[in-house]
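Notes follow once the structure below has been shown.
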Amino acid sequence: MTILERFNLPKFRQALPMASAVTFFASATIAGDLTGNVTEPDVISPKRYGSDVSAFYLGISGGYGSGGKDQFGLSTPAGTFGIGEQDLTGSYGGIRGGWRGVLPARGGRDFVYGFEFGYDFGSIEDSVTTQISGETVQGGTEVSDVLSLRFRNGLTNRSRSVLYFVTVGYVLGDVETTNGIGSGSTLRSFEDSGRRGGFSASVGAEHQLNDKWSITGEYEYVQFQSEDVQFESGFSTKSTPSYRGLRFGLNYTF
Numbered sequence: 001m002t003i004l005e006r007f008n009l010p011k012f013r014q015a016l017p018m019a020s021a022v023t024f025f026a027s028a029t030i031a032g033d034l035t036g037n038v039t040e041p042d043v044i045s046p047k048r049y050g051s052d053v054s055a056f057y058l059g060i061s062g063g064y065g066s067g068g069k070d071q072f073g074l075s076t077p078a079g080t081f082g083i084g085e086q087d088l089t090g091s092y093g094g095i096r097g098g099w100r101g102v103l104p105a106r107g108g109r110d111f112v113y114g115f116e117f118g119y120d121f122g123s124i125e126d127s128v129t130t131q132i133s134g135e136t137v138q139g140g141t142e143v144s145d146v147l148s149l150r151f152r153n154g155l156t157n158r159s160r161s162v163l164y165f166v167t168v169g170y171v172l173g174d175v176e177t178t179n180g181i182g183s184g185s186t187l188r189s190f191e192d193s194g195r196r197g198g199f200s201a202s203v204g205a206e207h208q209l210n211d212k213w214s215i216t217g218e219y220e221y222v223q224f225q226s227e228d229v230q231f232e233s234g235f236s237t238k239s240t241p242s243y244r245g246l247r248f249g250l251n252y253t254f
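Structure representation (C-alpha cells):
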C-alpha cells in the first residue's frame with residue numbers, strides 16, 4: 001500500500017483546493033493590510049503671519065524722542081529777536097490697539113495692512129535762554145498726551161515670522177509754549193497751551209514670538225502744525241514743534 005493510499009487519497013485530494021484557497025485569501029489580506037494601513041503623512045505648511053485672517057491686537061510701547069529742531073524767536077514792539085534753537089527731547093510710553101488683515105503676496109510673502117489707535121503719555125520738551133538789552137529772555141516748548149491714528153502696512157519675510165512695515169498717521173497732542181522775561185531775580189512768565197494736530201510717519205519691524213505675542217521696533221517722525229502764539233505780554237512767537245523717536249513695544253493678538 002502506498003503512502004497516499006494509507007492516508008486516504010480521496011480526502012487528501014479534496015483538501016488541496018481548500019488549502020490553496022485559504023493561502024490565496026490570506027495573501028490578499030496581508031497585501032491589503034500592507035497597503036491599507038500605510039497613510040501619507042500630513043504636510044504642515046509654514047504658518048502665515050496672522051494665520052491668514054483679520055485680527056485685533058492690543059499692545060504697550062515706550063520710546064525716547066529727540067532731534068526735533070525748532071527755532072524760538074520772539075516778536076516784540078521793538079522788533080523780532082532770536083532766542084535760540086530748541087531740541088525737544090524726552091521719554092514717553094503708551095498703549096495701543098488696532099486691527100490688521102493679511103493678503104498673500106508674491107515671492108512667498110504676505111501683505112499686512114491695518115489701522116492702529118494709540119495714546120502716549122510723558123513729555124518731550126526743551127527751553128532756551130538769551131540776553132537782550134540786559135534782560136534775560138527765555139522760551140520753551142513741551143509736548144505731552146499725544147493721541148494718534150495710523151495706517152500701517154508692509155510685507156513679511158519668506159518665513160512669515162517678521163513684518164517690515166511703514167506707517168503714516170494723524171496725531172493730536174497738548175503743546176505748551178512758554179516765555180519768560182526778567183532781570184536779576186525777577187522773572188515774569190507767560191504761557192500758552194492747547195491741543196494741536198499734526199502728522200507722523202515711521203518705519204519698523206514686528207517679530208512674531210508665537211501665535212499671540214510679538215515685539216516691535218520702529219523709528220518715527222512727529223510734526224505738529226505751525227502756530228503763531230500770542231502771549232499776554234504782547235509778545236508772540238511762531239511755534240513749530242517736532243521730534244524723532246525710537247520706539248519699542250509688545251503686542252498681543254486676539
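Read in our numbering, the sequence shown has 4 at position 4, and its numbers run on one by one without any break.
Glycine included, each C-beta is placed from N, C-alpha and C at the ideal position.
- By the CB criterion at 8 angstroms, Y219 and I124 fall outside the cutoff.
- Scanning its chain for C-beta atoms nearer than 6 angstroms, with the 5 sequence neighbours on each side dropped, one finds around R150 the residues E116, T167, G169, in chain order.
- Counting along the chain, G245 sits inside the beta strand (DSSP E) bounded by residues 242 to 253.
- A residue is called buried once 16 or more other Cβ atoms fall within 10 Å of its Cβ, and D126 is buried on that count.
- DSSP lists D228 as the bridge partner or partners of K238.
- When only Cα atoms are considered, S75 and Q86 end up about 17 angstroms apart.
- Beta-carbon to beta-carbon, F199 and V171 are separated by about 7 angstroms, close enough to satisfy the 8 angstroms threshold.
- Residue T253 holds the alpha-carbon nearest to the alpha-carbon of Q208 among T253, K238, G245.
- Rounded to the nearest angstrom, the gap between the Cα atoms of L246 and Q131 is 35 angstroms.
- At a Cβ-Cβ threshold of 8 angstroms, G101 and L88 do not count as neighbours.
- Taking the C-beta atoms as reference points, D120 is found no nearer than 8 angstroms to G90.
- With contacts defined by Cβ atoms closer than 8 angstroms, Y113 and N153 form a contacting pair.
- S193 has its alpha-carbon roughly 9 angstroms from the corresponding atom of E142.
- About 5 angstroms separates the Cβ atoms of Y164 and A205, confirming a contact at the 8 angstroms cut-off.
- Excluding sequence positions up to five before and after G197, its CB lies within less than 6 angstroms of the CB of L172, Q225, all in the same chain and listed in chain order.
- Contact annotation, I83 with G118: C-beta distance approximately 33 angstroms; criterion of less than 8 angstroms not satisfied.
- Of all alpha-carbon atoms in S54, S144, T240, the one lying nearest the alpha-carbon of G98 is that of S54.
- Only residues of its own chain outside the window of five on either side were considered, and among them Y119, L172 have a CB closer than 6 angstroms to the CB of L147, listed in chain order.
- Per DSSP, the beta bridge partners of L147 are Y119, L172.
- Rounded to whole angstroms, the gap between the alpha carbons of L103 and S159 is 15 angstroms.
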